[in-house]
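Here's the structure we're looking at; comments come further down.
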Amino acid sequence: MAIVAQSTRYGKVTRTILAWAVGLLFFFPIFWLVLTSFKTDADAVKPEFLFFFTPTLENYLNMTENYDYWRFATNSIITSIFATVFTLAVGIPCAYAMAFNPSRATKDVLMWMLSTKMLPAAAVLYPMTFLTKNFLGIYDTHFLVIIVLSLINLPIVVWMLFTYFKEIPKDIIEAGKMDGVNTWGEIREILIPLAWGGIASTALLCFIFCWNEAYWTVRLTTTEAATLSKLIEGNRAPEGLFFGRLSAVSAAAVGPIVVLGWFCQKQLVQGLTFGAVK
Amino acid sequence: MSNRTLPRLLQSPAVILLLIWMIVPLSMTLYFSFIRYVLNNLRRPEWTTPSFSNWRGFGNYEFVLNNKDFIFAIQNSLLIVGSILFFTVIFGVLIAVLINQSFPGRGIVRVLLISPFFVMPAVNAVLWINMILDPVLGLQGIAVNGLNDIIVGLKDAPLVGWFFSLWPTLEPISFRATQTSAYAVIIMVTWQWTPFAVLIFMTSLQSEDQQQKEAAVLDGAGPWSQFRFLTLPHLGRPIAIVVMIQAIFHLSLYAEIEIVSRGNGNKNLPYLIGEFANNNIGAASATGIFAVILANIVAIFLLRMIGKTLME
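Below you can see the structure in the form of structure tokens.
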């Protein structure tokens, strides 16, 4: 451990202080959002109440009244959960086949799937509006949001599951075949229990991406299926009048997800770099 | 069932869904980009329904290329994406190196650092433009006012007062103008994506060859030359990947621009497409094709790099 021995005690203290300072600096805006959410709208813009003020829960208690928060939150929860379940239902068999019965085309299929993720959404904005509004009549429905969220996350989900499944020894699956278990049985009895950790973290990441999606959920909904992204986007410029209540609704929209995110940091690297960084 | 049929069957739902998702809307965009197609036109009502008889060839592309907004949107997209990449990579490398070694509370610092990445884009924009960057009511305005008060106070101080009387009164910056709102977007997205860069660089640093480092130390290499000749080359590949992935994500940046810049002239390609799509679908589609081409230039390199590690 030559490097540790080399760095002096002084250096270590400086490093610790610096690292903490950077961490706190990056967290500060979130802290500020939460802090502001406990101020009244009037107090939130007064310099004299910057850090010391009488905290109030008023903003949280009035979220439904002020913004109809729960309607949007319910939409976010429904669409994100169903999209995650649907994506996994389509993704697990696909990744299973790719990992345990790879053909020469498997690599190309995977790459092609990833390439769909790289298309800019805005390029197909009007066709999507046209198709869903005039042709299919599913504009502003939960069904549409769920399908779109599933499709944009499917490549990443297949990719992540594929890398997890690849680590499972083929012999175990083969042994199942010998015992006369069919494919569905293999997936259910052998694969899912073995890859449970990987599947869970993939699901978690997929859920987070669905929750935070901010293009299609805004452009393809109006009221019925509008999610939290749409709610916040619609209240973008309060001109200082409603800092308190806007902070509360924002904090409620991101809080649970930030906490969930803490649990899947490791998978995030994999999921976002498509495994290109190890 | 043969050995090949079943795996194909299992893959087919995913493949078919993605195939439809990719081909149908994109070919419609391609088609619309070659015809005259507007949503409202009283004098030429025949242009309001898509049809081959309204064929315009490359006319929409010409129109877009000669449009001042398009040139501005391209420049602005490049400014925004380029700046974000520059800052996230620099901060990312520095922070990753800083927290790569153990220190008290490292786990907590990691959690604090990664948090911004999970904030939804709409909240990110609302939070920064209102609560932090607002020139009057945000922290920026409050900080500038506070600083001015301190300077005014110091002007009356004995001995050093003359020095502070030379100082001008500071003006808070409004981040809602055309150019400054682009800076606001750069700031907020850099805040959100630096954690991503840190996370990836840290993952990569953990696989750095420690023996090589120790040997370098024995040879008398200082911290700077260790960083310059060992760590930085080791990070070359992750940096390339961070740059490409972010380029693809940020070229389609939308919520932040929409929230910060609505109506003030600041725009990028996706935003311009949205504007065109309010009426001129032909132009919106041609712009969309340009956006696809731009993203593909980056995507090809990225996919090649991913492909190399895929089957290892």
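Residue numbers (my numbering), protein chains in the order written: chain U, 1269 to 1546; chain F, 524 to 835. Glycine residues also receive a C-beta, built at the ideal position from the N, C-alpha and C atoms. Since the structure is predicted, the reported quantities are computational estimates derived from the model, not experimental observations.
Alpha-carbon to alpha-carbon, F/Pro-746 and F/Lys-736: By 1-based counting over the second sequence, the position of residue 736 of chain F is 213. By 1-based counting over the second sequence, the position of residue 746 of chain F is 223. In this structure, the straight-line span from the alpha carbon of F/Lys-736 to that of F/Pro-746 is close to 10 Å.
Integer-rounded CB distance, given that F/Pro-761 should sit under 8 Å from F/Ser-784: As a position in the second sequence, residue 784 of chain F is number 261, starting the count at 1. As a position in the second sequence, residue 761 of chain F is number 238, starting the count at 1. In fact, because the Cβ distance is near 32 Å, the residues do not count as touching under 8 Å.
Residue from U/Tyr-1337, U/Ile-1415 and U/Ala-1312 with nearest C-alpha to U/Lys-1498: Translated into the one-based positions of the first sequence, residue 1498 of chain U becomes position 230. Relative to the Cα of U/Lys-1498, the nearest Cα in the group U/Tyr-1337, U/Ile-1415 and U/Ala-1312 belongs to U/Tyr-1337.
Beta-carbon spacing of F/Ala-809, F/Asn-583 below 8 Å: The residue you call residue 809 of chain F lines up with position 286 of the second sequence. The residue you call residue 583 of chain F lines up with position 60 of the second sequence. The answer is yes: Cβ separation under 8 Å.
Simplified DSSP assignment, three categories, for F/Val-659: For the purposes of this step, residue 659 of chain F is identified with residue 136 of the second sequence, where counting begins at 1. Under the three-state reduction of DSSP output, F/Val-659 falls in the coil class, being neither helix nor strand.
Residues of its chain near U/Cys-1478, where Cβ-Cβ distance is below 8 Å and the 5 sequence neighbours each way are ignored: Your numbering for residue 1478 of chain U matches position 210 in the first sequence. Cβ within range, chain order: Thr-1347, Ser-1348, Ala-1351, Thr-1352, Leu-1417 and Asn-1421.
8 Å Cβ cutoff, F/Leu-650 in contact with chain U: The count along the second sequence starts at 1 and reaches residue 650 of chain F at position 127. Closer than 8 Å to some Cβ of chain U, the Cβ of F/Leu-650 qualifies, so yes.
Chain F within 8 Å of U/Asn-1327, Cβ atoms only: Locating residue 1327 of chain U in the first sequence gives position 59, counting from the first residue. No, U/Asn-1327 lies away from the interface with chain F (no Cβ there is under 8 Å from its Cβ).
For F/Pro-756 and U/Arg-1283, the rounded distance between their alpha carbons: On the first sequence, position 15 is the one that residue 1283 of chain U refers to. On the second sequence, position 233 is the one that residue 756 of chain F refers to. Straight-line Cα distance between these residues: approximately 23 Å.
Assigned exposure category for U/Tyr-1394 - 16 Cβ within 10 Å defines buried: Reading the first sequence from its first residue, position 126 is the one you call residue 1394 of chain U. Per the 10 Å Cβ criterion, buried.
Anticipated Cβ contact below 8 Å, F/Ala-645 with U/Val-1358, distance rounded: One-based indexing of the second sequence puts residue 645 of chain F at position 122. One-based indexing of the first sequence puts residue 1358 of chain U at position 90. About 28 Å separates the beta carbon of F/Ala-645 from that of U/Val-1358, a gap too long to meet the 8 Å contact definition.
Straight-line Cα distance separating U/Lys-1401 from U/Leu-1412: Here residue 1412 of chain U refers to the residue found at position 144 when the first sequence is read from its first residue. Here residue 1401 of chain U refers to the residue found at position 133 when the first sequence is read from its first residue. Cα-Cα distance, rounded: 11 Å.
Residues of its chain near U/Gly-1466, where Cβ-Cβ distance is below 6 Å and the 5 sequence neighbours each way are ignored: Along the first sequence, one-based indexing puts residue 1466 of chain U at 198. If we look at U/Gly-1466 and ignore the five residues flanking it on each side, its Cβ neighbours are Tyr-1432.
Beta-bridge pairing of U/Val-1377 - partner residues as DSSP gives them: Against the first sequence, residue 1377 of chain U aligns to sequence position 109. Paired residue(s): none; U/Val-1377 is not in a bridge.
CB contact below 8 Å: F/Gly-743 versus chain U: In the second sequence, counting from the first residue as 1, residue 743 of chain F sits at position 220. Taking 8 Å as the CB threshold, F/Gly-743 stays off the interface with chain U.
Where U/Trp-1288 sits in the DSSP three-state scheme: Counting from 1 along the first sequence, the entry for residue 1288 of chain U is found at position 20. DSSP places U/Trp-1288 in helix when its eight states are reduced to three.
Contact the stretch 595 to 605 of chain F vs the stretch 790 to 799 of chain F: 3+ CB pairs below 8 Å: With the cut-off at 8 Å, the stretch 595 to 605 of chain F and the stretch 790 to 799 of chain F touch.
Partners in chain U for F/Ser-638, counting only beta-carbon separations shorter than 8 Å: Here residue 638 of chain F refers to the residue found at position 115 of the second sequence. Contact of F/Ser-638 with chain U by beta-carbon distance below 8 Å involves Phe-1294, Phe-1295, Ile-1298, Val-1526, Gly-1529 and Trp-1530.
Closer than 8 Å to chain U by CB, F/Val-646: Position 123 of the second sequence, counted from the start, is the residue given in the question as residue 646 of chain F. Flagged as an interface residue toward chain U: F/Val-646, by a C-beta distance shorter than 8 Å.
Selected residue, minimal CA-CA separation from U/Thr-1304, among U/Phe-1475, U/Asn-1327, U/Arg-1487 and U/Met-1379: Within the first sequence, residue 1304 of chain U is the residue found at index 36, counting from 1. For U/Thr-1304, the nearest C-alpha among the options comes from U/Asn-1327.
Proximity test, Cβ basis, 8 Å: F/Ile-618 and chain U: As a working note, residue 618 of chain F is residue 95 in the second sequence. Closer than 8 Å to some Cβ of chain U, the Cβ of F/Ile-618 qualifies, so yes.
U/Lys-1438 at chain F interface by Cβ criterion, 8 Å: Indexing the first sequence from 1 puts residue 1438 of chain U at position 170. Judged by the 8 Å Cβ criterion, U/Lys-1438 is not in contact with chain F.
8 Å Cβ cutoff, U/Asn-1402 in contact with chain F: Working through the first sequence from its first residue, we reach residue 1402 of chain U at position 134. No, U/Asn-1402 lies away from the interface with chain F (no Cβ there is under 8 Å from its Cβ).
Contact set for U/Ala-1516: own chain, Cβ-Cβ below 7 Å, skip 5 residues either direction: Here the question's residue 1516 of chain U lines up with position 248 in the first sequence. Around U/Ala-1516: Ser-1305, Asn-1327, Tyr-1328 and Met-1331.
Chain U contact for F/Ile-797 (CB, 8 Å cutoff): For the purposes of this step, residue 797 of chain F is taken as residue 274 along the second sequence, with counting starting at 1. Here residue 797 of chain F turns out to be Gly, not Ile, going by the sequence shown. F/Gly-797 counts as touching chain U.
Best match in U/Thr-1470, U/Phe-1354 and U/Arg-1487 for proximity to U/Phe-1398 [C-alpha to C-alpha]: The count along the first sequence starts at 1 and reaches residue 1398 of chain U at position 130. It is U/Arg-1487.
Whether U/Ala-1493 touches U/Asn-1343 by CB criterion (8 Å): In the first sequence, counting from the first residue as 1, residue 1493 of chain U sits at position 225. In the first sequence, counting from the first residue as 1, residue 1343 of chain U sits at position 75. Yes.
Burial state of F/Ser-638 (16 or more Cβ within 10 Å): Within the second sequence, numbered from 1, the residue matching residue 638 of chain F stands at position 115. By the neighbour-count rule (16 or more Cβ atoms within 10 Å), F/Ser-638 is buried.
Close Cβ partners of F/Asp-657 (< 7 Å) along its chain, the five nearest in sequence each way excluded: One-based indexing of the second sequence puts residue 657 of chain F at position 134. Gln-663 and Gly-664.
Residue-chain proximity (U/Gly-1465, chain F), Cβ-Cβ < 8 Å: In the first sequence, counting from the first residue as 1, residue 1465 of chain U sits at position 197. Chain F, which has no Cβ nearer than 8 Å to the Cβ of U/Gly-1465, makes this no.
Reference U/Leu-1301, options U/Ala-1365, U/Leu-1318 and U/Trp-1484, closest by Cα: Working through the first sequence from its first residue, we reach residue 1301 of chain U at position 33. Per the Cα distances, U/Leu-1318.
The stretch 619 to 626 of chain F contacting the stretch 715 to 735 of chain F, beta-carbon criterion three pairs below 8 Å: At 8 Å Cβ cutoff, the stretches touch.
Residue range of the alpha helix (DSSP H) that includes F/Gly-605: Position 82 of the second sequence, counting from 1, holds the residue named residue 605 of chain F. Judged by DSSP secondary structure, F/Gly-605 falls within the alpha helix (DSSP H) whose first and last residues are 591 to 623.
Proximal residues of chain F, C-beta to C-beta of U/Val-1377 below 8 Å: Taking the first sequence and counting its residues from 1, one reaches residue 1377 of chain U at position 109. Going along chain F in sequence order, the residues near U/Val-1377 (Cβ under 8 Å) are Gln-534 and Val-538.
Cβ of F/Ile-812 within 8 Å of any chain U Cβ: Along the second sequence, one-based indexing puts residue 812 of chain F at 289. Closer than 8 Å to some Cβ of chain U, the Cβ of F/Ile-812 qualifies, so yes.
Cβ of U/Met-1381 within 8 Å of any chain F Cβ: As a first step, residue 1381 of chain U is located in the first sequence; it is residue number 113 there, counting from the start. Chain F contact via Cβ: present.
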